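Beneath this line is the structure, given in structure tokens, with notes to follow.
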Amino acid sequence: MAVFSNGCREEPSAGDAGVSEAESRSNGAAAAVSPQKFTFSPEPSMEDIRRMQADFTDERDWNKFHQPRNLLLAMVGEVGEVAELFQWRGEVAEGLPDWTESEREQLAHELSDVLIYLVELAEKCRVDLPQAVLRKMALNRLKYPTSKVHGSAKKYTEYKD
Ligand SMILES: [Mg+2]
Numbered sequence: 001m002a003v004f005s006n007g008c009r010e011e012p013s014a015g016d017a018g019v020s021e022a023e024s025r026s027n028g029a030a031a032a033v034s035p036q037k038f039t040f041s042p043e044p045s046m047e048d049i050r051r052m053q054a055d056f057t058d059e060r061d062w063n064k065f066h067q068p069r070n071l072l073l074a075m076v077g078e079v080g081e082v083a084e085l086f087q088w089r090g091e092v093a094e095g096l097p098d099w100t101e102s103e104r105e106q107l108a109h110e111l112s113d114v115l116i117y118l119v120e121l122a123e124k125c126r127v128d129l130p131q132a133v134l135r136k137m138a139l140n141r142l143k144y145p146t147s148k149v150h151g152s153a154k155k156y157t158e159y160k161d
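Residue 125 in full-length UniProt numbering is what sits at position 125 of the sequence shown, and the numbering runs on without skipping anything.
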């Protein structure tokens with residue numbers, strides 16, 4: 001297993017020991033593209049990120065600007081910065097094999113900006129995001145049962161609201 005300087009890991013492919021059959025199936029599409037399964041580092045947690053951004057904002061007396069609407073607009077602006085990095089490239093392969101290290105780092109920065117604003121927006125709206133994700137994933141499993149959508153594009157046609 002490769003461990004990178006930022007702590008993230010690329011684990012052995014799904015066919016190797018230590019990866020369950022269910023995990024292997026759920027990552028089937030990705031495994032067909034890349035033999036490496038990517039995972040995040042366990043830290044920082046979403047609560048760690050909330051606290052870091054709250055401290056950053058408090059230290060600068062910026063809470064007076066960080067109302068929900070402003071945070072939403074800031075997050076959308078950061079999504080635009082992510083989009084700029086993909087603009088005019090055509091399709092991009094998983095793992096971004098043709099990107100330079102500098103481009104990858106820029107993407108990491110912009111994705112982080114999006115996440116930081118998302119977490120702060122959830123905080124200011126009093127949404128407990130980790131728990132909300134659990135509830136929403138449960139709803140998604142009910143809405144898109146594997147028996148009906150497995151391997152098909154129905155999710156994007158018949159089942160999409
Ligand atoms: Mg940015």
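Backbone N, C-alpha and C fix where the C-beta goes; we use that ideal spot for every residue, glycine too. Values in this document were obtained by computation on a predicted structure and should not be read as measured data.
When the Cα atoms are used, Tyr117 and Met75 turn out to be separated by approximately 5 Å. Taking C-alpha positions only, Glu91 is separated from His109 by approximately 21 Å.
Counting other Cβ atoms within 10 Å of its Cβ, Val119 reaches 16 or more and is therefore classed as buried.
For the pair Leu111 and Leu72, the Cα-to-Cα distance works out to about 15 Å.
Non-local beta-carbon contacts of Gln131 in its own chain, meaning distances under 6 Å to residues more than five positions away in sequence, are absent.
In the structure shown, Lys37 falls within a strand segment according to DSSP collapsed to helix, strand and coil. Comparing alpha-carbon positions, the option among Leu115, Glu103 and Thr100 lying closest to Pro44 turns out to be Leu115. In the structure shown, Phe56 falls within a helical segment according to DSSP collapsed to helix, strand and coil.
Between the alpha carbons of Gln87 and Glu81 lies a distance of about 10 Å. Pro97 has its alpha-carbon roughly 14 Å from the corresponding atom of Leu85. For Gln53, same chain residues with a beta-carbon under 6 Å away, outside a window of 5 residues either side, are Ile116 and Glu120 in chain order.
Taken from the Cβ of His150, every heavy atom of ligand 1 lies 7 Å or farther away. Judged by DSSP secondary structure, Arg135 falls within the alpha helix (DSSP H) whose first and last residues are Leu129 to Lys143.
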